[in-house]
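Participant: Chains as they are written, first to last, in this note's numbering: chain A, 332 to 438; chain B, 2 to 121. Don't be surprised by glycine CBs; every beta carbon is placed ideally from N, CA and C. Remember, predicted model here, so these are calculated numbers, not experimental data. Before I ask anything, let me first share the structure, which is written out below as structure tokens.
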């Protein structure tokens, strides 16, 4: 199975900060990577697919980049509603594997 | 509007069985693959299984942790997805979500989830 390593596992940030979350695959997954946002009591939400494609309805402050084994989710200016846990997902090969998650907390 | 409504969760003893259902509406169910994803209490997301559409012969894929114990299936005439879970273990305790890939993205839409608790 492909292993996904997400970092950091948690971080503190303030409204307006630029936030960067990394995800590393232990094998080449081309651009078959997605990012999800999860809030307590809410259903996970797709933010980014195919490494850098913004899901419909997702604010443009979210962006994704990378290919091969190194990927990044960037929030250009953190908003109050962005405090949440973020997961990457590789869907190049089965089984699909999620990263361990990054919790973005209020500084 | 796409809607996915899971049901069938509950409390079951280790070694027992449970069948989850997911009723879909708002899109052409038969044309799309469907997935199950779970989340154990306080833990991260785990992809569980996928079933493709009839065009792809309803082929299936599973996570190693459930291979041989869980079976994903669908009934296109009822726009419904199922997950038959046998030989349940305490580590299968989780919220189970069904998800549809409708727009060409991945895991576009999610249901609200159904809670499965495996405990004696």
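1) State yes or no: is the C-beta of residue 385 of chain A within less than 9 angstroms of the C-beta of residue 397 of chain A?
2) If you count every other CB in all the chains shown that lies within 10 Å of the CB of residue 337 of chain A, and 16 or more means buried, which is it?
3) Starting from the beta carbon of residue 429 of chain A, find every residue of chain B whose beta carbon is closer than 9 angstroms, and list them in chain order.
4) Anyone know if the C-beta pair for residue 73 of chain B and residue 57 of chain B falls short of 9 angstroms?
5) Using the rule of at least 16 other Cβ atoms within 10 Å of the residue's Cβ for burial, across every protein chain shown, is residue 357 of chain A buried or exposed?
6) Closer than 9 angstroms, CB to CB, is residue 81 of chain B near chain A or not?
7) Mind checking who residue 355 of chain A pairs with in its DSSP beta bridge?
8) Just the chain A side, please: which residues come within less than 7 angstroms of residue 109 of chain B by C-beta, in chain order?
9) Do you know whose CA, among A:410, A:382, A:332, A:340, lies nearest residue 44 of chain B's CA?
10) Do residue 420 of chain A and residue 344 of chain A come within 9 angstroms of each other at the CB atom, strictly closer than that value?
11) Name the chain A residues that come within less than 7 angstroms of residue 106 of chain B, Cβ to Cβ?
12) For residue 65 of chain B and chain A, any beta-carbon pair shorter than 9 angstroms?
13) With which residues is residue 4 of chain B paired in a DSSP beta bridge?
14) Compare the beta carbon distance of residue 3 of chain B and residue 103 of chain B with 9 angstroms and say whether it is the shorter of the two.
15) Going by DSSP, which residues form a beta bridge with residue 376 of chain A?
16) By the criterion of Cβ-Cβ separation under 7 angstroms, what are the contact partners of residue 417 of chain A in chain B?
Facilitator: This is what the structure holds:
1) Locating residue 385 of chain A in the first chain gives position 54, counting from the first residue. Locating residue 397 of chain A in the first chain gives position 66, counting from the first residue. Contact flag unset, no.
2) Your numbering for residue 337 of chain A matches position 6 in the first chain. So residue 337 of chain A ends up on the buried side.
3) Here residue 429 of chain A corresponds to residue number 98 of the first chain, with the count starting at 1. Going along chain B in sequence order, the residues near residue 429 of chain A (Cβ under 9 angstroms) are 38, 45, 46, 47, 48.
4) Taking the first residue of the second chain as position 1, residue 73 of chain B is located at position 72. Taking the first residue of the second chain as position 1, residue 57 of chain B is located at position 56. No; because the gap between Cβ atoms is not below 9 angstroms, this pair is not in contact.
5) Translated into positions along the first chain, residue 357 of chain A becomes position 26. The residue in question, residue 357 of chain A, is exposed, as its Cβ has fewer than 16 Cβ neighbours within 10 Å.
6) Counted from its first residue, the second chain places residue 81 of chain B at position 80. Not closer than 9 angstroms to any Cβ of chain A, the Cβ of residue 81 of chain B fails to qualify, so no.
7) Here the question's residue 355 of chain A lines up with position 24 in the first chain. DSSP lists A:336, A:401 as partners of residue 355 of chain A.
8) Start at 1 with the first residue of the second chain, and residue 109 of chain B comes out as number 108. Under the 7 angstroms cutoff, chain A gives 377.
9) Position 43 of the second chain, counting from 1, holds the residue named residue 44 of chain B. Selected option, being the one with the closest Cα: A:340.
10) Working through the first chain from its first residue, we reach residue 344 of chain A at position 13. Working through the first chain from its first residue, we reach residue 420 of chain A at position 89. Their beta carbons are not under 9 angstroms apart, which means residue 344 of chain A does not touch residue 420 of chain A by this criterion.
11) For the purposes of this step, residue 106 of chain B is taken as the residue at position 105 of the second chain. Within 7 angstroms Cβ-Cβ: 377, 380, 386.
12) Locating residue 65 of chain B in the second chain gives position 64, counting from the first residue. At least one chain A Cβ lies under 9 angstroms of residue 65 of chain B.
13) The count along the second chain starts at 1 and reaches residue 4 of chain B at position 3. B:26, per the DSSP bridge assignment.
14) By one-based count along the second chain, residue 3 of chain B stands at place 2. By one-based count along the second chain, residue 103 of chain B stands at place 102. Yes, the Cβ-Cβ distance between residue 3 of chain B and residue 103 of chain B is below 9 angstroms.
15) Stepping through the first chain from its first residue, residue 376 of chain A is reached at position 45. DSSP lists A:368 as partners of residue 376 of chain A.
16) Translated into positions along the first chain, residue 417 of chain A becomes position 86. Going along chain B, no residue has its Cβ under 7 angstroms from residue 417 of chain A, so there is no contact; the nearest lies around 11 angstroms.
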